[in-house]
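Okay, so here's the structure we're looking at.
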Amino acid sequence: MIEPDDVALRHARNVLLNIFSSEFGSEPANDNRTEGFHIDEVSAGLLLSRGKHAIGIITRSGAGFVFINSGYAEPTFTCTTSDELLDHLTQTVATLLQPKS
57 MIEPDDVALR HARNVLLNIF SSEFGSEPAN DNRTEGFHID EVSAGLLLSR
107 GKHAIGIITR SGAGFVFINS GYAEPTFTCT TSDELLDHLT QTVATLLQPK
157 S
């Protein structure tokens with residue numbers, strides 16, 4: 057679970073929540089709130105991408121979820137709940153939001 061004092065993880069979680077609200081809710085897409093990330097429905101599942109760069113695919117597996125990084129055949133992580141999926145995706149987005157050194 058995310059610690060409340062971790063600013064980078066809180067920001068990444070907010071980005072994800074904004075993506076989900078704009079893609080599946082009534083909120084219009086806003087790149088300032090989503091940092092350019094978006095989710096599209098594709099034949100394999102849900103594609104998480106940033107700009108024109110694919111990050112990975114989210115699919116269902118029984119009652120749970122599977123995330124496969126773009127370019128890989130094996131699952132990067134599997135989850136049994138949507139909260140667990142959100143935590144893993146938050147880590148992924150936080151890593152991608154880190155400034156390049």
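If you're matching positions, the sequence shown starts at 57 in this note's numbering and goes up one per residue.
Here a beta-carbon is modelled for each residue, glycine too, at the ideal position from N, C-alpha and C.
Beta-carbon proximity list for residue i, same chain, < 8 Å, skipping 5 on both sides
i	result
L153	A64, H67, A68, V71, E91
Rounded C-alpha distance that separates residue i from residue j
i	j	result
E130	I124	6 Å
L104	R116	14 Å
D96	L102	6 Å
Burial state of residue i, where buried means 16 or more other Cβ atoms lie within 10 Å
i	result
G118	exposed
M57	Low local confidence applies: a pLDDT of 49 at M57 is under 50, so the model's placement there is unreliable, with the coordinate-based value given in what follows. Classification of M57: exposed, given that the 10 Å Cβ count is below 16.
G112	buried
Same chain only: Cβ atoms within 6 Å of residue i, ignoring 5 sequence neighbours per side
i	result
R89	N74
C-beta contact flag for residue i and residue j at 8 Å
i	j	result
T136	G120	yes
T134	V149	no
Neighbourhood of residue i by C-beta distance below 7 Å, restricted to the same chain and skipping five residues each side
i	result
T151	none
First through last residue of the alpha helix (DSSP H) which encompasses residue i
i	result
S138	138–153
Endpoints, the beta strand (DSSP E) within which residue i is located
i	result
S117	109–117
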